[in-house]
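**Q**
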Amino acid sequence: MMLRALFLALCLASTGAVASSAKEAALAADPVAEKRLQALSKELRCLVCQNETIADSNAELAVDLRREIRGMIADGRSDGEILNFMVTRYGDFVLYRPPVKGTTLLLWGGPIALLVLGLVVLVRYQRRRAERVATQDRPLTADETRRAEALLSEADQR
Amino acid sequence: MNRYFWILGAFAALVVLLAVGLGLNPRDIPSPLVGKPVPTFKLAVLSTPDKTFGPEELRGKPWLLNVWASWCVSCRQEHPILVQFSKKVDVPLIGLNYKEVRGDGGFDMSKLPAEEERKMALQRANQWLAQHGDPYKLTAMDIDGRVGIDFGVYGVPETYVIDKEGIIRMKHTGPITPDILAKKIMPLLAELGK
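These protein sequence lines are chains A and B, in that order. Counting along the first sequence from 1, when you hit position 89 you're at 89 in my numbering, and nothing is skipped either side. Counting along the second sequence from 1, when you hit position 67 you're at 1067 in my numbering, and nothing is skipped either side.
Listed below in structure tokens is the structure:
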């Protein structure tokens, strides 16, 4: 009984979702335009939630911006023009893949710089270790052998 | 000894980096509009809805544009500061009411005709100003939020400082605090008023 009620509730909920997405689909019956909208939305950050694209976000601003993109696609504007429209209003931050330029140099170059730094440190460490091993890993002198034997026999007697 | 020094140094650098990162405000995104001409628009005026307002009307003097809405909680926080400002300072303060009805989230917009939304927006905005005080020379009604997109609005309240030539000189996202007003906006206005 409980399960049936739950199932019914789920069905109702999903029809609600279908109804609203059907409305969105009707706005762009053209599958090519819809595909472009999807692709563009994935390139753009939702500034309200910041870590979501406007394709994923349900924030109001994301809904508005999707509507705006749809309108621009209908007006025959190119993808470049649409992205430019967003950048002139919201800045480079709106792009999920920020352009490479002076202010974003650290962002793009940072990981590579860290990698190089890590490699340099690793190589230097390995070299020093090799040197240390090379200088220390030599046969014992007669004197040292005697001391080692003395220590070992001392340990045996205990 | 030397090795411990390195590890400690790296750790200290990391601490500094993270401390700076924590101190930054992720909402504080530099606006590309600063230094650009204010976007043009023509919107109905709240007090006289059959008339429109456009930013070109304020050419020749610096002015402020404050984006607000009655559903915006932080707007209530900054509002007394704006009311005080308007009493003390002779700089036009223009309100941009952003998505008064549809931004509220409590309405099913598919069931609300445009004319109905407009009436409701005017009524709600007027009521809010009557209740909290009206610091604005006038409020322009951006009912569908299109003008807000041209301004790159993403978090109400937002405030723009515009100079005599109609160039945006500063944008502040979030509520204005007495500190921001005194240390950033007022000095800028003094400079622009010369």
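Where a beta carbon is used, it is the ideal one built from N, C-alpha and C, also for glycine. Being a predicted model, the structure only gives us computed values, none of them experimental.
(1) Taking 7 Å as the limit between beta carbons, can you name the residues of its chain near residue 208 of chain A, skipping five residues before and five after?
(2) On the DSSP letters alone, give me the boundaries of the alpha helix (DSSP H) that residue 154 of chain A sits inside.
(3) Name the two residues that bound the continuous alpha helix (DSSP H) containing residue 1071 of chain B.
(4) Give me the residue from B:1191, B:1013, B:1125, B:1062 with the minimum Cα distance to residue 1047 of chain B.
(5) Candidates A:139, A:142, A:143, A:117: which alpha carbon is nearest residue 1010 of chain B's?
(6) Going along chain A in order, which residues have a C-beta closer than 9 Å to the C-beta of residue 1070 of chain B?
(7) With a threshold of 8 Å, are at least 3 pairs of Cβ atoms found where one atom belongs to the region 1113-1131 of chain B and the other to the region 1025-1041 of chain B?
(8) If we cut at 8 Å on Cβ distances, does residue 1026 of chain B have a partner in chain A?
(9) Can you tell me whether residue 43 of chain A is helix, strand or coil according to DSSP?
(10) May I have the straight-line CA-CA distance separating residue 1069 of chain B from residue 1080 of chain B, to the nearest angstrom?
(11) If you count every other CB in all the chains shown that lies within 10 Å of the CB of residue 1139 of chain B, and 16 or more means buried, which is it?
(12) With a Cβ-Cβ cutoff of 8 Å, do residue 1164 of chain B and residue 1062 of chain B count as a contact?
(13) Pull the bridge partners of residue 1160 of chain B from the DSSP assignment, please.
(14) In the DSSP assignment, find the unbroken beta strand (DSSP E) run with residue 53 of chain A in it and report its ends.
(15) In whole angstroms, what separates the C-alpha of residue 121 of chain A from that of residue 1187 of chain B?
(16) Closer than 7 Å by C-beta to residue 90 of chain A: which residues in its own chain qualify, once you throw out the five before and the five after it? Chain order, please.
(17) Let's test the definition: count the other Cβ atoms within 10 Å of the Cβ of residue 1109 of chain B and tell me whether it reaches 16, buried, or not, exposed.
(18) At a Cβ cut of 7 Å, what residues of the region 1103-1127 of chain B count as close to chain D, listed as they run along the chain?
(19) In the DSSP assignment, find the alpha helix (DSSP H) that holds residue 125 of chain A and state where it starts and stops.
(20) Given this structure, state the Cα-to-Cα distance separating residue 70 of chain A from residue 41 of chain A, to the nearest angstrom.
(21) Return helix, strand or coil for residue 102 of chain A, following the three-state DSSP convention.
(22) Along the chain, which unbroken stretches of the beta strand (DSSP E) at least 3 residues long are found entirely within the region 1068-1138 of chain B?
(23) Where does residue 994 of chain B fall in DSSP's three states?
**A** Walking through what the data contain:
(1) In the structure as shown, chain A begins at 1 and stops at 158. Residue 208 of chain A is therefore absent and cannot be evaluated.
(2) Translated into positions along the first sequence, residue 154 of chain A becomes position 154. Start and end: 142-157.
(3) Taking the first residue of the second sequence as position 1, residue 1071 of chain B is located at position 71. Here residue 1071 of chain B belongs to no alpha helix (DSSP H), and DSSP marks it neither H nor E.
(4) Along the second sequence, one-based indexing puts residue 1047 of chain B at 47. Per the Cα distances, B:1125.
(5) The residue you call residue 1010 of chain B lines up with position 10 of the second sequence. Nearest option by C-alpha distance: A:117.
(6) Counting from one through the second sequence, the residue named residue 1070 of chain B turns up at place 70. Correct list: empty, because the minimum Cβ distance to chain A is about 16 Å.
(7) Touching, no, given that fewer than three Cβ pairs across the two stretches are closer than 8 Å.
(8) Taking the second sequence and counting its residues from 1, one reaches residue 1026 of chain B at position 26. Yes, contact with chain A.
(9) Along the first sequence, read from residue 1 onward, the residue named residue 43 of chain A stands at position 43. Assigned with DSSP and collapsed to three states, residue 43 of chain A falls in helix.
(10) Here residue 1069 of chain B corresponds to residue number 69 of the second sequence, with the count starting at 1. Here residue 1080 of chain B corresponds to residue number 80 of the second sequence, with the count starting at 1. Taken atom to atom, the span from the alpha-carbon of residue 1069 of chain B to that of residue 1080 of chain B is near 15 Å.
(11) As a position in the second sequence, residue 1139 of chain B is number 139, starting the count at 1. Label assigned to residue 1139 of chain B: buried.
(12) By one-based count along the second sequence, residue 1164 of chain B stands at place 164. By one-based count along the second sequence, residue 1062 of chain B stands at place 62. Yes, the Cβ-Cβ distance between residue 1164 of chain B and residue 1062 of chain B is below 8 Å.
(13) Counting from 1 along the second sequence, the entry for residue 1160 of chain B is found at position 160. The partner list for residue 1160 of chain B (beta bridge, DSSP) reads B:1065, B:1171.
(14) Here residue 53 of chain A refers to the residue found at position 53 of the first sequence. In the DSSP assignment, residue 53 of chain A falls outside any beta strand (DSSP E), carrying neither H nor E.
(15) Counting from 1 along the first sequence, the entry for residue 121 of chain A is found at position 121. Counting from 1 along the second sequence, the entry for residue 1187 of chain B is found at position 187. Rounded to the nearest whole angstrom, the CA to CA distance from residue 121 of chain A to residue 1187 of chain B is 49 Å.
(16) For the purposes of this step, residue 90 of chain A is identified with residue 90 of the first sequence, where counting begins at 1. Around residue 90 of chain A: 47.
(17) The sequence position of residue 1109 of chain B within the second sequence is 109, counting from 1. By the Cβ-count criterion, residue 1109 of chain B is exposed, with fewer than 16 other Cβ atoms from all chains shown falling within 10 Å of its own Cβ.
(18) Absent from the structure: chain D. Protein chains present are A and B.
(19) The residue given as residue 125 of chain A occupies position 125 in the first sequence. Per DSSP, the continuous alpha helix (DSSP H) segment holding residue 125 of chain A begins and ends at 105-136.
(20) Against the first sequence, residue 70 of chain A aligns to sequence position 70. Against the first sequence, residue 41 of chain A aligns to sequence position 41. Their backbone Cα atoms lie some 10 Å apart in a straight line.
(21) Reading the first sequence from its first residue, position 102 is the one you call residue 102 of chain A. Under the three-state reduction of DSSP output, residue 102 of chain A falls in the helix class.
(22) Qualifying beta strand (DSSP E) stretches, in chain order: 1093-1098.
(23) Only positions 1001 to 1194 of chain B appear in the structure, and residue 994 of chain B is not among them; the question remains open.
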